[in-house]
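Visitor: Pasting a structure below so you can have a look.
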């Protein structure tokens, strides 16, 4: 099987991803972004490592898709419009043509879906697992970016889509028997797809830009990410867990496994939006979300105080969440 | 010894590096770069992997310094002024406080020297060696960027500083006996320092902006990087090797080891500038370089043709360079 050196990989596989004029065909040492957006450039960076953020035997195109999608999710949460990205790709050995084709097919799908193009990067030798590091650029909305730390006591808390699907999908990927033998195949497929293919909520950006006091994407689980929003905003929060939107597949699992709710709250990889919205903007936010085609659900409220957010069960009791979410190299 | 989780590492060690207003204190999910430069943003990305680009037992501050310096070198070669950077840092385990102090001390030194600040990034779990991936942003000069592919037949070729020191320093690092027992300690120290601490030629940027038809930094050896400039410019080139500027330490080694010249031409890690300058701009370029305090030497010329650049010895014979330079995952 033919293997590709660095030069062939760039010229034959990566350059076609770089149709953006700033990329200079990936033939120079740097990119040149001109026509810069009037309200600023939103910049975000996320790295993904095989065996940490995705499985080593995942399709490389799926891994590449996810690497770009998680960056786009940050842009969406900040109400920015995707413009361009750089990528550093590290491989332990020269890739085969088939690997390069699958890898770039995933990026091509993601680029088309998110309206973004590669403008530069680096290819290096990995020692250990292969990895991708992306820095993505977006056009800022007129107010700059929707901050993480702008929530006020009294604001209503919304989340987009459904939560926990990816975390449940990951558990099923790790063990088919995770939730017993009765999880139907179509639910397995759906949950696994939610883990593999995050759906950045770009259409929600205008609603966030005009109505939200704070927003972030949920990447490490609602429990940890909400605590981050609260800390940055110097508020606390209450979540009424029965209001957390769940897919049919997640609902079926929760019905039979009460512990699954903790997985949903702390598991991570949702890439849905958490937004704080002042009560007098709530109906405008809901209308704008509806118009954008992104379902949102009101799950709680920011409250005065400095404590960790509390998660209430249907009977009003507080749910104890021992692990608050995912942190890299936790001590 | 106390170890740091991701949250403590960011808040206590990385946030102090992010004094730039765009960084938002590293407390948000993205950075917001405003006041964007009128002629565009030059964007470059370079990743460094322990055991590939630096030694696993190098001081982590030296590795961090080098990671930032090699990105700044690209900005300098494109005649851009450093503005800000993002960094993805991957560690196999929670770092000790001592490690974090040394790592950030190196970045602090580099930031002060190059006039740049951290504005965002990501910290992740590495599987295998630790690594750093940086994307750096610079203010474009009025003409945009000085391209790699702008050389014309007849242009004179210049290099800055002295070449090969880092490659010789690496050989000495790999084997103290590399060039026999008679390499004096001060030469060893100098060459090793040139390997560890690249000196991006930022002061040369105005001379490049106003006088050079093409420029790039020499990171993979003059032989390979000149062939890249020639290919991008659709020219060939002739280099008169006796004109290649060598440090006293390199000169002493070449005098006793004729093979050392090949190491100098193909070894890489120079981070000096290669520039093509039209003959009628040569005296202006030399004067501007002198005024900037960066020594430059005329080493050859671009010529019509499509062949690989040729390297002539003092007697006019052609030097055969079996390995043209460093390529990642070569096949």
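Protein chains in written order, with the numbering used here: chain A, 1024 to 1354; chain B, 1024 to 1354. Every residue gets a Cβ at the ideal spot worked out from N, C-alpha and C, and that includes glycine. The structure displayed is predicted, hence computed values, not measured ones.
1. Quick one: using the 10 Å Cβ neighbour count with 16 as the cut-off for buried, is residue 1281 of chain B buried or exposed?
2. In whole angstroms, what is the alpha-carbon distance linking residue 1342 of chain B and residue 1046 of chain A?
3. Of the choices B/1096, B/1055 and B/1091, whose alpha-carbon is the least far from that of residue 1240 of chain B?
4. At a Cβ threshold of 8 Å, is residue 1136 of chain B touching chain A?
5. Given this structure, state the Cα-to-Cα distance separating residue 1287 of chain A from residue 1133 of chain B, to the nearest angstrom.
6. State yes or no: is the beta carbon of residue 1039 of chain B nearer than 8 Å to at least one beta carbon in chain A?
7. Using a 10 Å radius around the Cβ and a threshold of 16 neighbouring Cβ atoms, would you call residue 1316 of chain B buried or exposed?
8. Can you tell me whether residue 1076 of chain A is buried or exposed? The criterion is at least 16 other CB atoms within 10 Å of its CB, across all chains shown.
9. Output the residue ranges of the beta strand (DSSP E) runs that lie fully inside the segment 1026 to 1102 of chain A and measure 3 residues or longer, sorted by chain position.
10. Going along the chain, which residues of its own chain have a beta-carbon closer than 6 Å to the beta-carbon of residue 1144 of chain B, five neighbours each way excluded?
11. May I have the straight-line CA-CA distance separating residue 1126 of chain A from residue 1158 of chain A, to the nearest angstrom?
12. For residue 1091 of chain B, tell me which candidate among B/1123, B/1118, B/1252 and B/1135 has the shortest Cα-Cα distance.
13. Residue ranges of each alpha helix (DSSP H) run of no fewer than 4 residues wholly in the segment 1271 to 1328 of chain B, ordered along the chain?
14. Would you mind telling me which residues of chain B sit closer than 7 Å to residue 1116 of chain A, beta carbon to beta carbon, in chain order?
15. Would residue 1212 of chain B pass as an interface residue toward chain A - the criterion being a Cβ-Cβ separation below 8 Å?
16. Using a Cβ cut-off of 9 Å, which residues of the segment 1277 to 1294 of chain A contact any Cβ in chain B, in chain order?
17. Going straight from the alpha carbon of residue 1253 of chain A to that of residue 1331 of chain A, what length do you get?
18. Count the other CB atoms, across all protein chains shown, that sit within 10 Å of the CB of residue 1295 of chain B; report buried if there are 16 or more and exposed otherwise.
19. Using only the alpha-carbon positions, how far apart do residue 1057 of chain A and residue 1305 of chain B sit?
20. Work out the CA separation of residue 1242 of chain B and residue 1292 of chain B for me, nearest whole Å.
21. Considering only the alpha carbon of each residue, which of A/1207, A/1235 and A/1197 lies closest to residue 1218 of chain A?
22. What is the DSSP secondary structure of residue 1183 of chain B, reduced to helix, strand or coil?
23. Looking only at its own chain, which residues have a Cβ that is under 6 Å from the Cβ of residue 1026 of chain A, when we skip the five neighbours before and after it?
24. By the DSSP assignment, the alpha helix (DSSP H) with residue 1196 of chain B in it spans what residues?
25. Looking only at C-alpha atoms, which of A/1080, A/1299, A/1033 and A/1278 sits nearest to residue 1147 of chain A?
26. Would you say the segment 1220 to 1237 of chain A touches the segment 1298 to 1314 of chain A, given that touching needs at least three Cβ pairs under 8 Å?
27. I'd like to confirm the pairing. Which residues does DSSP put opposite residue 1240 of chain A in its beta bridges?
28. Under 7 Å Cβ-Cβ, which residues of chain A neighbour residue 1144 of chain B?
29. Residue 1053 of chain A and residue 1065 of chain B look like a contact to me (Cβ under 8 Å); what is the Cβ gap, rounded to whole Å?
30. Can you grab the Cα-Cα spacing for the pair residue 1222 of chain B / residue 1203 of chain B, in whole Å?
31. Using a Cβ cut-off of 7 Å, which residues of the segment 1179 to 1203 of chain B contact any Cβ in chain A, in chain order?
32. Identify every residue that forms a DSSP beta bridge with residue 1108 of chain A.
33. Closest Cβ-Cβ distance between residue 1029 of chain B and chain A: below 8 Å?
34. Please check the pair residue 1325 of chain A and residue 1258 of chain A, which I expect to be a contact at CB under 8 Å, by giving their CB distance rounded to whole angstroms.
35. Counting only Cβ pairs nearer than 7 Å, list the residues of chain A close to residue 1239 of chain B.
36. For residue 1150 of chain A, decide whether its Cβ has a neighbour in chain B, counting only Cβ atoms nearer than 8 Å.
Guide: Let me lay it out:
1. Residue environment: residue 1281 of chain B is assigned as exposed (fewer than 16 neighbouring CB atoms within 10 Å of its CB, all protein chains considered).
2. Separation of residue 1342 of chain B and residue 1046 of chain A (C-alpha to C-alpha, rounded to the nearest whole angstrom) is 35 Å.
3. Of B/1096, B/1055 and B/1091, the smallest CA-CA separation from residue 1240 of chain B is found for B/1096.
4. Output row for residue 1136 of chain B: interface = no.
5. Whole-angstrom Cα-Cα distance: 43 Å.
6. Under the Cβ criterion of 8 Å, residue 1039 of chain B is not counted among the residues facing chain A.
7. The C-beta of residue 1316 of chain B has fewer than 16 other C-beta atoms within 10 Å across all chains shown, which makes the residue exposed.
8. With 16 or more other Cβ atoms within 10 Å, it is buried.
9. If we require 3 residues or more, the beta strand (DSSP E) runs fully inside the segment 1026 to 1102 of chain A come out as 1054 to 1056 and 1064 to 1072.
10. Cβ within range, chain order: 1109, 1110 and 1111.
11. Here the C-alpha atom of residue 1126 of chain A lies approximately 18 Å from the C-alpha atom of residue 1158 of chain A.
12. Considering only alpha carbons, the answer is B/1135.
13. The qualifying runs are 1271 to 1279, 1283 to 1289 and 1305 to 1315.
14. For residue 1116 of chain A, the C-beta contacts it makes with chain B under 7 Å involve 1352, in order along the chain.
15. No - not a single Cβ of chain A is within 8 Å of the one on residue 1212 of chain B.
16. Correct list: empty, as no residue qualifies.
17. When rounded, the distance between both Cα atoms is 8 Å.
18. So residue 1295 of chain B counts as buried.
19. Each residue's Cα considered, the two are about 30 Å apart.
20. When the Cα atoms are used, residue 1292 of chain B and residue 1242 of chain B turn out to be separated by approximately 5 Å.
21. Checking every option, the nearest Cα to that of residue 1218 of chain A belongs to A/1197.
22. Reduced to three states, the DSSP call for residue 1183 of chain B is strand.
23. Taken in chain order, the residues that qualify are 1117 and 1119.
24. DSSP places residue 1196 of chain B in the uninterrupted alpha helix (DSSP H) bounded by 1188 to 1197.
25. Per the Cα distances, A/1033.
26. Because the criterion of three Cβ pairs below 8 Å is met, the segment 1220 to 1237 of chain A and the segment 1298 to 1314 of chain A touch.
27. A/1296.
28. 1068, listed in chain order.
29. 5 Å between Cβ atoms; contact.
30. In a straight line, the C-alpha of residue 1222 of chain B is about 28 Å away from that of residue 1203 of chain B.
31. For the segment 1179 to 1203 of chain B, the beta-carbon criterion of a distance under 7 Å to any beta-carbon of chain A is satisfied by none of its residues.
32. When beta bridges are read from the DSSP output, residue 1108 of chain A appears opposite A/1141 and A/1159.
33. Yes, contact with chain A.
34. Cβ-Cβ separation between residue 1325 of chain A and residue 1258 of chain A: approximately 4 Å, consistent with a contact (criterion under 8 Å).
35. Result: 1052.
36. Output row for residue 1150 of chain A: interface = yes.
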